[in-house]
Amino acid sequence: MGVPVARIRVLVVDDHRIFAESLAAALAAEPDVEVAAAGSGPAALRCLERAAAEGRGYDVLLADAELGAAAVPAPRPGPGPGPAGPVDGIALVGAVRAARPSVRTVVLAEKDDPARAALALKAGACGWVAKDSSLQRLLAVIRGVLRDETHLPAALLTGVLRELLADRKHRTESEKLVESLTPREREVLRCMVAGLGRKAVAERLFLSPHTVRTHMQNVLGKLGVHSTLAAVALARRAGVGPVDLVQEPGLTGDVVERGGQLA
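Per my numbering, residue 335 is the first one in the sequence shown, and the count goes up by one each step.
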């Protein structure tokens, strides 16, 4: 009697039906690979949920980098749909990473793009592979990511490293700007990140609206931006999180900005 072969379960996600089915058929010819194909983000998420519920989760997800945007349920570990939202190939990688961290994701791309590859890695992808790669190359990547390896084409390494270093530089610069704020200004900034307007911030911090407006103007000036949206984007790059609104749900939903001006 032969020794049972441990099978690798692979899910191919591509909205080009012929490509997805052809790739799935080629992979399925391998004795240790079990494969299925999905034509969209929603279909992929349904496959992942169904497989997990059956106790036969997928090991690797191959996602088209240019997967068309669609409204999909936000994935979560438990069963049942979540709120709808747009997803492309890289967004799908991030969603799967958050909901099914055991699934390794590899991006399939028509062309090498350092910026997109860097985004994919930051989203949680373990590899970036050209669609015209040989089957042997793709199989090597699939088996490699299951050993916790990260796979990138050699031609992309320099560009991806440059993108990641630039992102780190911007984050470091943002952190320094945030450090220039006073403790009270940081509190105000965290309220802005949470989406609170001037009145809600005033109620939360027990300050007058006029004082809050002054603090907000000081925050914008020290951060070198001209709108609350830009301040929030910079704060998020610096790792500044929102204030906890769990105990005060009535403070959410205020208008933060009108036409680039403080509300």
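Idealized CB from N, CA, C, for every residue including glycine.
- Annotation: the continuous alpha helix (DSSP H) that includes Leu-568 extends over 562-571.
- Using a Cβ distance threshold of 7 Å, Val-522 and His-549 count as a contacting pair.
- Annotation note: the region 450-494 contains the following uninterrupted alpha helix (DSSP H) runs of length 4 or greater, listed N- to C-terminal: 469-479.
- In the structure shown, the three-state DSSP call for Ala-399 is coil.
- For Thr-516, the number of other beta carbons within 10 angstroms of its own is below 16, and it is reported as exposed.
- Residue pairing of Glu-368 in beta bridges, as defined by DSSP: Arg-343.
- Separation of Arg-570 and Asp-366 (C-alpha to C-alpha, rounded to the nearest whole angstrom) is 43 Å.
- Around the beta carbon of Ser-508, a 10 Å sphere encloses 16 or more other beta carbons of the protein chains shown; the residue is thus reported as buried.
- In the same chain as Asp-348, and ignoring 5 residues on each side of it, the C-beta atoms closer than 6 Å to its own belong to Ala-354, Asp-398, in chain order.
- Assignment of Val-394 by DSSP, reduced to helix, strand and coil, places it in the strand class.
- In this structure, the beta-carbon distance from Leu-557 to Ala-567 does not fall below 7 Å.
- Residue pairing by DSSP places Arg-438 opposite Val-394 in a beta bridge.
- When DSSP states are grouped into helix, strand and coil, Ala-363 belongs to the coil group.
- Counting other Cβ atoms within 10 Å of its Cβ, Thr-484 stays below 16 and is therefore classed as exposed.
- Beyond the five residues adjoining it in sequence on each side, Leu-490 comes within less than 7 Å, by CB distance, of Asp-446, Pro-448, Ala-451, Trp-462 in the same chain, given in chain order.
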